[in-house]
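Residue numbers (my numbering), protein chains in the order written: chain A, 370 to 828; chain B, 370 to 828.
Below is the structure:
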C-alpha cells in the first residue's frame, strides 16, 4: 500500500507536489499556515507576479495545468531597457524568440490548490508548523487561535518556504549544516495602472528594466493592463530606503532617476511611503532529507533571490525530478530521497549563485553597450553552432540543463566572448573567411572545455 | 550611574567578562544553564583541558588570575610527533622556547566563577535561556524543573557558547546573516593515566601528536601525571567511527595505528566503546550586537574548531578588547558595541579559518620532513630578521597581532619559504654570502608585501 504523505505548505510547490503524488496514488494532506486565499483576500506571498520559464511549464504539464495557465500568462520575449540617458533598447532573450511568461502568483496558487483538492488531496488551513520532531516525524501545529495539535507523519515534505518549520528543525540537529544570507538590497512594489482604454501603457511583451548600476526598477505586465513594478534598492547608503525619508525626497529621486516611468505611475509617492520594504534572503542547508521519513523541497530547501526569475521554476523542477524518481524507484523512498538530494542539492546551490550574479547583470551590465553587443553575438553563435554553443541565459531559462552545468559554463563563455570581441565588430568580421576559421577553432576550444559537463535533461 | 549587565553563561568567557565588568563598577548577574560545577560533579564542557597562550594569559592578567593559574598550568614548548614509521620528532613552537600551556578547563572555570562572585557578581545556576526578545531585551529563562521566568536586561551579553540562546534569537531576525558548519570529523576523549610512581609516562612539556593524514590522536598533560588523549577521526568512511564497531575492530585499529600509545592506555578499548563521540562546529553570525542593548562574545559569536588551541584565547581576547574600549569610551555603549564588533568580527572569521587550516597541518603536514624543515627555517628567519619576519604560528600563539593579519600573511610566507627551500639545504646555504644577499632581498619582498597590514596590538 502506498504511504500517506504530509506536506507543509500549500504554496506553489506544496500544491503542485500534492497533485503529482495524488496522481501516483498517495494519500496527501497539506497543512497551510495561512487562511484559504480563495476565500479571504490575502497576499499570495512575497510578490504579485513571477516569470514562468521552461522548467516551470514542464512541471505544470505533469500536473495537467499547462494549457489553462498558458491562457493567462503573458509572454515576455526580452528585456526592454530604459537607460539612464533616456534612450531605450530591446534585448531579446532567445535566438528563436523564446519567452519567459509573466504569471499572477495568486491565480496560479489558487488553481494549483483547487486542482490538488480535485485530485483528492486535503488542505487544512490556518495551521502553522511550530517545529518537527524529526526522528519521530511528529509535526507540531498551531491554529489561528493558538490551539496546538501534533500529527505523526508517515512521509513528510517541507514545502513551507524560506522560513520553513521543517528546515528550522533540521537546523538544530547535530551535523546539519545551514546558512542564510541577506543581500544589502531590499525591494518595494509599486504600480503602473492600465491605460484609460484598458490597454498597456508600455510594450506588453517585455520585462521592463530601468538599470541604474547599484539599483534598478523593473516592471512585469499583468493581464488587466497594469504593470507590477519593483524597486530593488539598497537598505543603507545614499540613495537608499533609509536616505529617502520624506515625500519630497521620494519625488525628487524618482524625477531624477525614472523620469519616463513616473508619468505612468500616478500613485508612486503614496505607494513608496505606504508599501512595505522587504528583504531578500538566500538559504543553504545540508542534508535536505532525513532517512526515508522527510525532505525539503522548493524554497524550504533553497530560497534564492529573484533576479533570474528561477525561484518557482527551480521548486517546480524539484517536483518534476521527484516525479521521475517515483517512476524509477516505485515505493523505495530511502533511495528516492537519497537520489533526489544528490541530484537537486548541487542545482539548488548553483541556481542560488546564478540568481545573485544576475542581479549585477540586470541592474548594471545591461546599461553597457558592450554587454548588449555580447548578447547579440551569443545569439548568432547559437544559430551558427547549434550543437556547440548555447548561452547560459538560454540554458537556465529555456532548457532542462542542470543549473550547475549552466553555472560551470560561465567562465568558458566569458573567455570565448572576450576573444571574439577583442577582434572588433563581430558582425563585420564574420564576413571574412580568415575570422571564420579562427571562430571555428575558438568554438571548438570552448566546446572541448565544457563537454565533460552534464548537459542531460534534468527532468 | 553605570548600567546593570546581564550575562548568559558562566563558562570561561562569561565569568571572565563578569570580573572585568565588576572591576569597572557595573552590577553583574550571570544566568548559567548548568548546576554549579563547584558543588556537583559535572563535565566542564566539551573538553577536559585546553591550551592557554599569550592572548589568554593577557586577559587573565586583567582579571588578576594570571599568577594563580600559572601554578597549575603545564608549559608545552612544542609538538612531540609520534610518526607512523615508529620514529619520533620534537618540533619547538617558538624561536625563544615559548610555550602554550595545558590548563584544566574545569579548574579554570571554577576559579573564574569564584573570582566573579568575590568581585560582587551574582551567578544564578540552572537557568537555561530559551530565547531573547531582542528589541525589548527580554530574556526567557527556564529552570531545571521547567519553571519559566523572564528578565528584562539593561545591557545583555550572550556568552552562552556555540548554541547560544541569544545567537539563536538574533538568527531569526530580519537581515541577520548566520551560518554554521560541521566538519566531517568528530572526536572522542581517551586517557593515558599517570605512571605507577605518579609521574608522566611521556615527555611532560609537549603536545603529543600521532599524525595519520586523515585522522590523528593527540595528548595533553594534566597536573596529576595523566594525559588527556583525543582522537580526531572521520564519522564515516574507512576507517571511521562508523566502521569501528566491535572491540576487536577497535583493538586491531589501535594496534596498527598507535602501537606506541596503547602500551600506556590500559582502558583504551572500554574508553572508545563508552565515551561519547562529539561533533565539531564552526559558526558565523552578522551582526554580533543589537544597538546598545546586547552583544555576543566568545563561542556564542564565533565557535571554532579546536585545532589551533585558540577558542578560549579568542574569547578571552574579546574580553580584553572590550575592557580597553570601556576605558576609551566610558559609558557610551552604542560606540563601544559598534567598535567591538568592527574590531572583533574580522578576527572571529579569521581565527575560524586558521583553526580549520591547522587541522590539516596537525594531522597530515607534520608527518612530512619538508614541513618540519620549513618550521626550523622559519625560526631561524625570525632570529635573523626579528623586525621583518615572524611566523604565522608565532603571531597567533605568542602575540596580540590580529588574527586576520596572521591569516593574511600565510600566502606571502608560503611564497617566501618556497623560494628558500627551492635552493636546497638552507642551513648550509646561509653560510654563503651570495645566498645571504638573495635572502635579504626575498625578506624585503616579503616584508613589503605584508607591511600595509595591521600588526598593531589587539588588546
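All C-beta atoms in this analysis are idealised placements derived from N, C-alpha and C, irrespective of residue type, glycine included.
#### Entry: Own chain partners of residue 440 of chain A with C-beta closer than 6 Å, once the 5 adjacent residues on each side are dropped
Along the first chain, one-based indexing puts residue 440 of chain A at 71. Same-chain partners within the cutoff: there are none.
### Query
Which class does residue 775 of chain B belong to by DSSP, given the choice of helix, strand or coil?
Counting from 1 along the second chain, the entry for residue 775 of chain B is found at position 406. If DSSP states are grouped into helix, strand and coil, residue 775 of chain B belongs with the helices.
#### Entry: Local conformation of residue 601 of chain B per DSSP, three classes
Taking the second chain and counting its residues from 1, the one referred to as residue 601 of chain B is at position 232. If DSSP states are grouped into helix, strand and coil, residue 601 of chain B belongs with the strands.
#### Entry: Sub-8 Å separation of residue 689 of chain B and residue 423 of chain B beta-carbons
Numbered from 1 along the second chain, position 320 holds the residue referred to as residue 689 of chain B. Numbered from 1 along the second chain, position 54 holds the residue referred to as residue 423 of chain B. Going by beta carbons, residue 689 of chain B and residue 423 of chain B fall outside the 8 Å limit.
### Message
Is there a Cβ of chain B sitting closer than 8 Å to that of residue 539 of chain A, yes or no?
### Response
For the purposes of this step, residue 539 of chain A is taken as residue 170 along the first chain, with counting starting at 1. No, residue 539 of chain A does not count as interfacial toward chain B.
### Query
Can you name the start and end residues of the beta strand (DSSP E) that residue 517 of chain A belongs to?
One-based indexing of the first chain puts residue 517 of chain A at position 148. Per DSSP, residue 517 of chain A belongs to the beta strand (DSSP E) from 517-521.
### Message
Assuming residue 699 of chain B and residue 684 of chain B are in contact, meaning their beta carbons sit under 8 Å apart, how far apart are those beta carbons, in whole angstroms?
### Response
Locating residue 699 of chain B in the second chain gives position 330, where the first residue counts as 1. Locating residue 684 of chain B in the second chain gives position 315, where the first residue counts as 1. Wrong, their Cβ atoms sit about 24 Å apart, outside the cutoff.
### Task
Inspect the CB distances between the region 795-809 of chain A and the region 760-777 of chain A and report whether three or more fall short of 8 Å.
Between the region 795-809 of chain A and the region 760-777 of chain A there are fewer than three inter-stretch CB-CB distances shorter than 8 Å, so the stretches are not counted as touching.
### Task
For residue 558 of chain B, name the three-state secondary structure that DSSP assigns.
Locating residue 558 of chain B in the second chain gives position 189, where the first residue counts as 1. Note: residue 558 of chain B maps to strand in three-state DSSP.
### Task
Could you have a look at residue 824 of chain B and say whether DSSP puts it in helix, strand or coil?
In the second chain, counting from the first residue as 1, residue 824 of chain B sits at position 455. Residue 824 of chain B falls in the coil class under three-state DSSP.
### Query
In whole angstroms, what separates the C-alpha of residue 497 of chain A from that of residue 620 of chain B?
To locate residue 497 of chain A, count along the first chain from 1; it is residue 128. To locate residue 620 of chain B, count along the second chain from 1; it is residue 251. Computed Cα separation, rounded: 51 Å.
### Task
State the beta-bridge partners of residue 509 of chain B as determined by DSSP.
The residue you call residue 509 of chain B lines up with position 140 of the second chain. Answer is B/500, B/519.
### Task
From the DSSP output, read off the bridge partner residues of residue 628 of chain B.
Position 259 of the second chain holds residue 628 of chain B. Partner(s): none; residue 628 of chain B has no beta bridge.
### Partners in chain D for residue 648 of chain A, counting only beta-carbon separations shorter than 7 Å
The structure shown contains no chain D; the protein chains it does contain are A and B.
### Query
Among residues of its own chain, excluding the 5 on either side of residue 545 of chain A, which ones have a beta-carbon nearer than 6 Å to its beta-carbon?
Along the first chain, read from residue 1 onward, the residue named residue 545 of chain A stands at position 176. If we look at residue 545 of chain A and ignore the five residues flanking it on each side, its Cβ neighbours are 539.
### Task
Under 8 Å by Cβ, that's how I've got residue 851 of chain A and residue 506 of chain A pegged, so tell me the actual separation to the nearest angstrom.
This structure does not reach residue 851 of chain A, given that chain A is present from 370 up to 828, and the question cannot be answered.
### Task
From the DSSP output, read off the bridge partner residues of residue 690 of chain B.
By one-based count along the second chain, residue 690 of chain B stands at place 321. Its beta-bridge partners do not exist; DSSP assigns none.
### Message
Please confirm whether residue 413 of chain A has its beta-carbon closer than 8 Å to some beta-carbon of chain B.
### Response
Looking up residue 413 of chain A in the first chain gives position 44. Annotation note: pLDDT 48 at residue 413 of chain A (below 50); position unreliable, no value reported.
### Query
Helix or strand or just coil, what does DSSP make of residue 477 of chain B?
The residue labelled residue 477 of chain B in the question sits at position 108 within the second chain. Helix.
### Within-8 Å CB hit, residue 821 of chain B to chain A
Working through the second chain from its first residue, we reach residue 821 of chain B at position 452. Taking Cβ atoms only, chain A never reaches closer than 8 Å to residue 821 of chain B, which makes this a no.
### Message
Pairs of beta-carbons, one from the region 594-609 of chain A and one from the region 545-565 of chain A, closer than 8 Å: are there three or more?
### Response
Segment contact: the region 594-609 of chain A against the region 545-565 of chain A, three or more CB-CB distances shorter than 8 Å; contact assigned.
### Query
If you draw a straight line from the C-alpha of residue 582 of chain B to the C-alpha of residue 516 of chain A, how long is it?
If you number the second chain from 1, residue 582 of chain B lands on position 213. If you number the first chain from 1, residue 516 of chain A lands on position 147. When rounded, the distance between both Cα atoms is 55 Å.
### Query
Which residues bound the beta strand (DSSP E) around residue 449 of chain B?
If you number the second chain from 1, residue 449 of chain B lands on position 80. According to the DSSP assignment, residue 449 of chain B belongs to the beta strand (DSSP E) that extends over 447-451.
### Task
Under the assumption that residue 673 of chain B contacts residue 549 of chain B (Cβ atoms under 8 Å), give the Cβ distance between them as a whole number of angstroms.
Taking the first residue of the second chain as 1, we reach residue 673 of chain B at position 304. Taking the first residue of the second chain as 1, we reach residue 549 of chain B at position 180. The distance from the Cβ of residue 673 of chain B to that of residue 549 of chain B is about 11 Å, inconsistent with a contact at the 8 Å cut-off.
### Query
By a C-beta neighbour count over all protein chains shown, 10 Å radius and 16 as the cutoff for buried, is residue 711 of chain B buried or exposed?
Taking the second chain and counting its residues from 1, the one referred to as residue 711 of chain B is at position 342. Exposed is the call here.
### Message
Does the CB of residue 490 of chain A have a neighbour CB from chain B at under 8 Å?
### Response
Reading the first chain from its first residue, position 121 is the one you call residue 490 of chain A. So, not an interface residue.
### Query
Under a CB-based cut-off of 8 Å, is residue 400 of chain B close to chain A?
Taking the second chain and counting its residues from 1, one reaches residue 400 of chain B at position 31. Residue-level contact by beta carbon fails for residue 400 of chain B and chain A, as no gap is shorter than 8 Å.
### Query
Going along the chain, which residues of its own chain have a beta-carbon closer than 8 Å to the beta-carbon of residue 718 of chain A, five neighbours each way excluded?
To locate residue 718 of chain A, count along the first chain from 1; it is residue 349. Only 653, 671, 773 meet the Cβ criterion.
#### Entry: Inside the region 370-430 of chain A only - beta strand (DSSP E) runs reaching at least 3 residues
Taking only runs of at least 3 residues, the beta strand (DSSP E) segments lying wholly in the region 370-430 of chain A are 373-377, 396-400, 418-421.
### Query
Would the C-beta of residue 408 of chain A count as close to the ligand FMN, meaning under 7 Å from any of its heavy atoms?
Here there are no bound small molecules, and the ligand FMN is not part of this structure.
### Query
Among the residues of its own chain, which have a CB less than 7 Å from the CB of residue 873 of chain A, if the five just before and after it don't count?
Because chain A is modelled from 370 through 828, residue 873 of chain A falls outside the range shown and cannot be assessed.
### Message
Checking 8 Å against the spacing of the C-beta atoms, do residue 757 of chain A and residue 629 of chain A come in under that value?
### Response
Sequence index remark: in the first chain, residue 757 of chain A carries index 388 (1-based). Sequence index remark: in the first chain, residue 629 of chain A carries index 260 (1-based). For the 8 Å CB-CB criterion, residue 757 of chain A and residue 629 of chain A do not form a contact.
### Query
Going straight from the alpha carbon of residue 430 of chain B to that of residue 814 of chain B, what length do you get?
The residue given as residue 430 of chain B occupies position 61 in the second chain. The residue given as residue 814 of chain B occupies position 445 in the second chain. As the crow flies, the alpha-carbon of residue 430 of chain B is around 37 Å from that of residue 814 of chain B.
### Message
Please tell me whether residue 528 of chain A has its Cβ less than 8 Å away from any Cβ of chain B.
### Response
As a first step, residue 528 of chain A must be located in the first chain, where it is residue number 159. By this cut-off, residue 528 of chain A is not an interface position.
### Query
Between residue 380 of chain A and residue 693 of chain A, what straight-line distance do the alpha-carbon atoms span, to the nearest angstrom?
The residue labelled residue 380 of chain A in the question sits at position 11 within the first chain. The residue labelled residue 693 of chain A in the question sits at position 324 within the first chain. Residue 380 of chain A and residue 693 of chain A: Cα-Cα distance of roughly 21 Å.
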